[in-house]
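Protein chains in written order, with our numbering: chain A, 9 to 214; chain B, 9 to 214.
Note that CB positions come from ideal geometry on N, CA and C, so glycine has one too.
Remarks on the structure that follows.
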């Protein structure tokens, strides 16, 4: 049986689309069970509907605080048997309620080679620092901002004359390959968490 | 006329060897004028002698303090018309006397993708953090530890089962390509320092 994914998305959902495309391949070991957004009009929800995937808008205004929001979020994901949650452009801070419920079963993607340039505006940070190599990272979610155990990374060159936009576009093509790769490794049981390190088993368990 | 290099080396000098090998190519725009070591028996000095390059041992015990050592070092380099200094496994802390004399004309190499993992034991730091991509950086020397403006970088994968030694060996092959590349860019007048960023001009001035 294919692993049930929950995808959390607040924005345009380009990484969601890469995940949906991967799941459309017959040999991919996961399927998207539900896409959750905190924004009613997130284009990501349109992408989910177009792929025939259930969507759920959880309106922050319906909840007294972050913890009650996250409690509802966790319940909705668990009700649908979600085995792995993928944050894909989720703009809301997630509380320990969520992090604890899905520890080792929730991933996020960040467009830099972490630990360099965590947080907001990583491409601007990278260009301001003058690095010649940047990239993308998929990591397990923990309590920090982009601090979780690293699953996969890939590098891209920074080119002379790059702007935030040109660098972001180059990194995005790598993100779209990297997120499905991380999901596949998880779904095939090839990831083992040792301390803060993710050991990738070269052999599948299947 | 080819740019005169001074190379500072305390150890076995594998990056020095890569620089000597590059300089042996007829089209390379630089030559090693002198190799300086703070250690009398550094294998790097043997490599220099084997290449017919002048060597100089500056014994720290002959100087009262760091500043007087660096004053002598700067004088020896300037006497020989050195236009660019390459620190290649130089284990002594350099004072502002040196940094000011050669600002924008001194480079160092560090075996990580800076700003990640500066300082000692970068490979151990990288493995402990669990990154999946590491690499090497050539940067201009400034007052900090591995904080100077970045000239060139290249990435290498971290493989499952890597130790300090296997990762160091993989990064070292990249270092040996990267240091001559940075020297060539400098010698061809293609580097421009803007704030903390190094702009690489794709056209040579020649």
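### Task
Return no unless some Cβ of chain A is closer than 9 Å to the Cβ of residue 135 (chain B).
At least one CB atom of chain A sits nearer than 9 Å to the CB of residue 135 (chain B).
### Message
Taking 9 Å as the threshold (C-beta atoms), are residue 137 (chain B) and residue 123 (chain A) in contact?
### Response
yes
### Message
Beta-carbon within less than 6 Å of residue 184 (chain A)'s beta-carbon, same chain only, minus the 5 sequence neighbours each way: which residues are those?
### Response
26
### Message
Can you look up residue 167 (chain A) in the DSSP assignment and give me helix, strand or coil?
### Response
coil
### Query
Quick check: the segment 80 to 89 of chain A against the segment 42 to 56 of chain A, are there 3 or more CB pairs under 8 Å?
yes
### Task
Figure out for me which residue from A:39, A:77 and A:133 has the closest Cα to the Cα of residue 14 (chain A).
A:39
### Task
Assign residue 194 (chain A) to one of three DSSP states: helix, strand, or coil.
helix
### Query
Excluding the five sequence neighbours on either side, which residues of its own chain have a C-beta within less than 8 Å of the C-beta of residue 62 (chain A), listed in chain order?
Closer than 8 Å at Cβ, skipping near neighbours: 41, 42, 43, 56 and 88.
### Query
By Cβ distance, which residues of its chain are closer than 6 Å to residue 71 (chain B), with the 5 residues on each side in sequence left out?
Excluding residues up to 5 positions away in sequence, 77 lie with their Cβ nearer than 6 Å to the Cβ of residue 71 (chain B) in the same chain.
#### Entry: Other residues of its chain near residue 158 (chain B): CB distance less than 7 Å, five sequence neighbours each side excluded
122, 145, 147 and 206
### Query
With 9 Å set as the bound, which would you pick, yes or no: does the beta-carbon of residue 69 (chain B) sit closer than that to a beta-carbon of chain A?
no
#### Entry: Within the segment 84 to 157 of chain B, ranges of the alpha helix (DSSP H) (whole runs, at least 4 residues)
Taking 4 residues as the shortest admissible run, the segment 84 to 157 of chain B contains the following complete alpha helix (DSSP H) segments, listed from N- to C-terminal end: 104 to 109 and 130 to 137.
### Query
Roughly how many angstroms separate the alpha carbons of residue 162 (chain A) and residue 75 (chain B), rounded to a whole number?
43 Å
### Message
Can you confirm whether residue 124 (chain B), when its beta carbon is compared against all beta carbons of chain A, has any partner nearer than 9 Å?
### Response
Taking CB atoms only, residue 124 (chain B) has a neighbour in chain A less than 9 Å away.
### Within 8 Å of chain A by C-beta, residues of the segment 152 to 186 of chain B in sequence order
157, 158, 159, 160, 161, 162, 163 and 168
### Task
Name, in chain order, the residues that DSSP records as bridge partners for residue 69 (chain A).
Answer is none; residue 69 (chain A) lacks a bridge partner.
### Chain-ordered residues of the segment 200 to 212 of chain B with a beta carbon less than 7 Å from chain A
204, 205, 206, 207, 208 and 210
### Query
If you run the structure through DSSP and keep just helix, strand and coil, what is residue 214 (chain B)?
The predicted position of residue 214 (chain B) is uncertain, since its pLDDT is 45 and thus under 50; a value taken from the coordinates is nonetheless stated next. Coil.
### Message
Under 8 Å, with one C-beta from each stretch per pair, do the segment 168 to 181 of chain A and the segment 108 to 122 of chain B reach the 3-pair mark?
### Response
no
### Query
Shorter than 9 Å from the beta carbon of residue 82 (chain B) to some beta carbon of chain A?
No, residue 82 (chain B) lies away from the interface with chain A (no Cβ there is under 9 Å from its Cβ).
#### Entry: Where the alpha helix (DSSP H) through residue 55 (chain A) begins and ends
51 to 58
### Query
Name the chain A residues that come within less than 7 Å of residue 193 (chain B), Cβ to Cβ?
Residues of chain A with a Cβ closer than 7 Å to the Cβ of residue 193 (chain B) do not exist, since the nearest Cβ in that chain sits about 11 Å away.
### Query
Which residues in the same chain have their Cβ closer than 7 Å to the Cβ of residue 103 (chain B), if we skip the five residues on either side of it in sequence?
These residues qualify, in order along the chain: 74, 75 and 78.
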